[in-house]
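Asks: When we follow my numbering, the leftmost residue of the sequence shown carries the number -14, and every step to the right adds one.
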Amino acid sequence: MRTGQINVQTENIFPIIKKFLYSDHEIFLRELVSNAVDASQKLKVLSSNGEFKGDIGDLQVEVILDIKEKTLTIRDRGIGMNAEEIDKYINQIAFSGAEEFVQQYKGKEGAEQIIGHFGLGFYSAFMVAEKVQIKTLARHEGSQAVQWESNGSPEYTLTEIDKSERGTDIVLWIAEDALEFLEKSRISEILDKYCKFLPVPIFFGNKTEYIDSPEGEKDEDGKLKKVAIEVPNQINNTSPAWTKAPADLKDEDYSEFYRDLYPMSFESPLFHIHLNVDYPFNLTGILYFPKIKENVEVQRNKINLYSNQVFITDSVAEIVPEFLTLLHGVIDSPDIPLNVSRSYLQSDSNVKKISTHITKKVADKLAEMFKKDRKDFESKWDDLQIFVQYGTLSDDKFAEKAKGFSLLKSTDGNYYTLEEYKEKVKTLQTNKDNKTVFLYSNDEEGQYSFIKTAKDRGYDVLILDGPLVSHWIGKLELSEENIAFSRIDADTLDKLILKSEDIPSKLSKEDEEKLKPAFESIVSKDKFNIKFESMSQDEAPIIITQPEFIRRMMEQQKLGGGGFYGAFPETYNLIINANHEKVVGLLNKEEQEKNKTIKQLTDLALLSQGMLKGEALSNFIERTIEQVG
Ligand code: ADP
Ligand code: MG
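(1) Nearer than 8 Å: is that true of the beta carbon of Phe107 relative to any heavy atom of the ligand MG?
(2) Taking the straight line between their C-alpha atoms, what separation do you get for Thr(-12) and Glu140?
(3) Rounded to whole angstroms, what is the Cα-Cα separation between Lys350 and Asp61?
(4) Would you list, in sequence order, the uninterrupted beta strand (DSSP E) runs of no fewer than 3 residues that lie entirely inside the region 247 to 326?
(5) Would the beta-carbon of Glu47 fall within 9 Å of that of Phe188?
(6) Pairs of beta-carbons, one from the region 130 to 139 and one from the region 31 to 48, closer than 8 Å: are there three or more?
(7) DSSP three-state call for Thr(-12): helix, strand or coil?
(8) What separation, rounded to the nearest whole angstrom, lies between the Cα atoms of Leu463 and Val113?
(9) Distance, Cα to Cα, Glu465 vs Ala387?
(10) I'd like to confirm something about Glu11: is its beta-carbon nearer than 8 Å to some heavy atom of the ligand MG, or not?
(11) Give me whichever residues DSSP pairs with Asn191 in a beta bridge.
(12) Using DSSP with H/G/I as helix, E/B as strand and the rest coil, what is Lys178?
(13) At a cut-off of 8 Å, would you count Gly101 as near the ligand MG, judging by its Cβ distance to the nearest heavy atom?
(14) Use the C-beta contact count for Ser493: other C-beta atoms within 10 angstroms, 16 or more gives buried, fewer gives exposed.
(15) Should Glu16 be listed as close to the ligand MG, given that the test is whether its C-beta is under 8 Å from any heavy atom?
(16) The beta strand (DSSP E) spanning Ala114 covers which residue range?
(17) From the DSSP secondary-structure annotation, give me the bridge partner or partners of Ala469.
(18) Distance check for Leu413 and Gly443, CA to CA, integer angstroms please.
(19) Within the present structure, is the beta-carbon of Asn76 separated from the nearest heavy atom of the ligand MG by less than 8 Å?
(20) Is Ile297 near the ligand ADP, with its Cβ less than 8 Å from a heavy atom?
(21) Within the continuous alpha helix (DSSP H) that includes Gln88, where are the two ends?
(22) Quick check: what's the CA-CA separation for Gly595 versus Thr556?
(23) CB of Lys221 to nearest heavy atom of the ligand MG: below 8 Å?
(24) Straight-line CA distance for Lys440 to Ser395?
(25) Tell me the rounded alpha-carbon separation between Val131 and Leu31.
(26) Whose C-beta lies closer than 6 Å to the C-beta of Asp381 among residues of the same chain, with five residues either side of it excluded?
(27) Whose C-alpha, out of Phe182, Ile316 and Lys567, is nearest the C-alpha of His523?
(28) To the nearest angstrom, report how far apart Leu14 and Asp317 are at their CA atoms.
(29) So is the beta-carbon of Asn267 under 8 Å away from any non-hydrogen atom of the ligand MG?
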């Protein structure tokens, strides 16, 4: 036996590791299992290289919990270490044997799958353990097994031991302040989170399986009885879908993998993209498009980031543009550093390239789907639109591409691209300033009468709803100079699409002044801006509108949660059609009769907007009943 000093510059690095190296203590298990997997993978490389001539056997990793002894052991059948290697790889902190191995075996199959990088992972064991032992037998013939032990001071002991099986046991004596790591459920949870897709089988505990009775016992129906047996519990799937070639996968495989990733999710995704890049960086992955709900926040942060099949994080905001965090799935890149800070990730040039590339891939996939099967794309559009709108708003490159496949859904049931739609409506719906007006509704039922008036005039009306619409159309209006969007209830139809010819009014200024006070006496002046307009006769006698600008401001403020909301009073226009016969007829009515008619017409206008409520509605109904028969 000998003792020595672990080779670090600072007097005692362990408190530093314990406190600062990793914010999450649970990742010690990720690091130790990764090392065990690396040791197994290295043996495969050496074997296929002819450097290791023995029998590899079943390579597997075991995690063993001993609650009585308060130990957690990570056992592998990998390459092991002799005393010399322990000195080099363990006693020199920050010397990564993994990095060295990858350099040495560059280009050899499997070498690029080694996980380690920094030579710090092993020491993360001291975040949770008061004592750590390494018991290891190296792969070389006639090698002497050794045991390394340290209690978290820079001192260690190295002893020769008896160990007949090749490979390494890492034994942790769990510290008093980390007892959670002696709970079976906690360890299961951590393994499931970080190790679920590692490439070497990993076992933890046993699970119950039901098999046909080996004695041939039968139940009442004469069928073979099922008996329960305990079998080792493998916690991982060693070849997850993203590591395979797209050509080898069917749609079912992708759906199955989705369920593997999100066992709690009942929804199936709309479609997926399989990413596969090897230049200028390595990246594989599968991104799924979920059906996006109004409340986008709950669906965020479902992309899992992996590095060589080891889970790193599910907060990928630094790696993919924000709008892509609405997608689900996995990204795996060995080029994304494993254990580094957020700010480092943001400035890393590889990470930037990855982000740009993923955005491009997603846009290309959508464009391809649109081109290949437009009908199918249209059928998915309602679920996709929030995503495309979000992308258009937040990423100019995406916006440029999205122009080609952004769709507008018409109340006639068809879908149009921007270009197609402009072509369709430009003859009738171009105003005197040469802007083509895209009329839209966000509520087909509620705005029925507006839609009908427009259609009767030969105009077309779009259906645009969802939380991002007003932002999105604002952006389109900026990039497409000759179009303007107007919600169908934003003004009278004549004003929405202003043509050059003026419509003559049947009311004089004096007539209007005479009628106005009667209107003012029945609606609140703060809420309604009362005005007469000379409109086409096919419009209703009174129309209540909310100016496009005010409404958009309010919607946008609501979405942004900004402080302005509420400072904006809810205001409407109450527009009186100066050419409607009922309005013109008011001039010849007795005072009482006139007021009655005005009240009724106004209530009808409010009613058609769903704005007649409470007592006013009840009075209206009673009055109307009296008039019946
Ligand atoms: P890294 O994995 O980044 O190289 P670690 O601190 O995790 O750094 O491990 C340091 C080195 O110790 C590894 O590169 C490897 O050479 C050696 N090592 C650690 N665990 C094992 C193990 N289970 N079997 C064989 N070698 C190991
Ligand atoms: Mg490591």
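Virtual Cβ for every residue (Gly too), placed ideally from N, Cα, C.
Replies: Let's see:
(1) Taking the sequence shown and counting its residues from 1, the one referred to as residue 107 is at position 122. Indeed, a heavy atom of the ligand MG lies less than 8 Å from the Cβ.
(2) Numbered from its first residue, the sequence shown carries residue -12 at position 3. Numbered from its first residue, the sequence shown carries residue 140 at position 155. Answer to the nearest angstrom: the Cα atoms are 7 Å apart.
(3) Residue numbering aside, residue 350 sits at position 365 when the sequence shown is read from its first letter. Residue numbering aside, residue 61 sits at position 76 when the sequence shown is read from its first letter. Looking at the two C-alpha atoms, the distance is approximately 42 Å.
(4) Runs found: 256 to 262, 268 to 274, 287 to 292, 295 to 298 and 313 to 317.
(5) For the purposes of this step, residue 47 is identified with residue 62 of the sequence shown, where counting begins at 1. For the purposes of this step, residue 188 is identified with residue 203 of the sequence shown, where counting begins at 1. Yes, these two residues count as a Cβ contact at 9 Å.
(6) no
(7) On the sequence shown, position 3 is the one that residue -12 refers to. Three-state result, Thr(-12): strand.
(8) Reading the sequence shown from its first residue, position 478 is the one you call residue 463. Reading the sequence shown from its first residue, position 128 is the one you call residue 113. Leu463 and Val113 have their C-alpha atoms some 57 Å from each other.
(9) Against the sequence shown, residue 465 aligns to sequence position 480. Against the sequence shown, residue 387 aligns to sequence position 402. Note on geometry: alpha-carbon atoms of Glu465 and Ala387 lie some 13 Å from one another.
(10) Mapped onto the sequence shown, residue 11 falls at position 26. The nearest non-hydrogen atom of the ligand MG is 8 Å or more from the C-beta of Glu11.
(11) To locate residue 191, count along the sequence shown from 1; it is residue 206. Asn191 pairs with Pro217.
(12) Taking the first residue of the sequence shown as 1, we reach residue 178 at position 193. Three-state result, Lys178: helix.
(13) Taking the first residue of the sequence shown as position 1, residue 101 is located at position 116. Yes.
(14) As a working mapping, residue 493 is identified with position 508 in the sequence shown. Label assigned to Ser493: exposed.
(15) Position 31 of the sequence shown holds residue 16. Yes, since a heavy atom of the ligand MG falls inside the 8 Å radius drawn around the Cβ of Glu16.
(16) The residue you call residue 114 lines up with position 129 of the sequence shown. Where Ala114 is concerned, the enclosing beta strand (DSSP E) stretches over Ala114 to Leu122.
(17) By one-based count along the sequence shown, residue 469 stands at place 484. DSSP, once it has assigned bridges, lists Val422 as partnering Ala469.
(18) As a first step, residue 443 is located in the sequence shown; it is residue number 458 there, counting from the start. As a first step, residue 413 is located in the sequence shown; it is residue number 428 there, counting from the start. Distance between the alpha carbons of Gly443 and Leu413 is about 8 Å.
(19) If you number the sequence shown from 1, residue 76 lands on position 91. Not a single heavy atom of the ligand MG lies less than 8 Å from the C-beta of Asn76.
(20) For the purposes of this step, residue 297 is taken as residue 312 along the sequence shown, with counting starting at 1. No, the Cβ of Ile297 stays beyond 8 Å of every heavy atom of the ligand ADP.
(21) For this step, residue 88 is matched to residue 103 along the sequence shown. Run containing Gln88: Gly82 to Gln89, per the alpha helix (DSSP H) assignment.
(22) Counting from 1 along the sequence shown, the entry for residue 595 is found at position 610. Counting from 1 along the sequence shown, the entry for residue 556 is found at position 571. Going from the Cα of Gly595 to the Cα of Thr556 covers about 15 Å.
(23) Taking the sequence shown and counting its residues from 1, one reaches residue 221 at position 236. It should be noted that the sequence gives Asn, not Lys, for residue 221. Not under cutoff, so the answer is no.
(24) The residue given as residue 440 occupies position 455 in the sequence shown. The residue given as residue 395 occupies position 410 in the sequence shown. If I take the Cα positions, the gap works out to 12 Å.
(25) As a working note, residue 131 is residue 146 in the sequence shown. As a working note, residue 31 is residue 46 in the sequence shown. Rounded to the nearest angstrom, the two C-alpha atoms are 22 Å apart.
(26) The residue labelled residue 381 in the question sits at position 396 within the sequence shown. Cβ neighbours of Asp381 beyond the five flanking positions: none.
(27) The sequence position of residue 523 within the sequence shown is 538, counting from 1. A small fix is needed here, since residue 523 is Asp in this sequence, not His. The residue among Phe182, Ile316 and Lys567 with its C-alpha nearest the C-alpha of Asp523 is Lys567.
(28) Here residue 14 refers to the residue found at position 29 of the sequence shown. Here residue 317 refers to the residue found at position 332 of the sequence shown. Between Leu14 and Asp317, the C-alpha separation is close to 20 Å.
(29) Indexing the sequence shown from 1 puts residue 267 at position 282. Asn267: no, Cβ never under 8 Å from the ligand MG.
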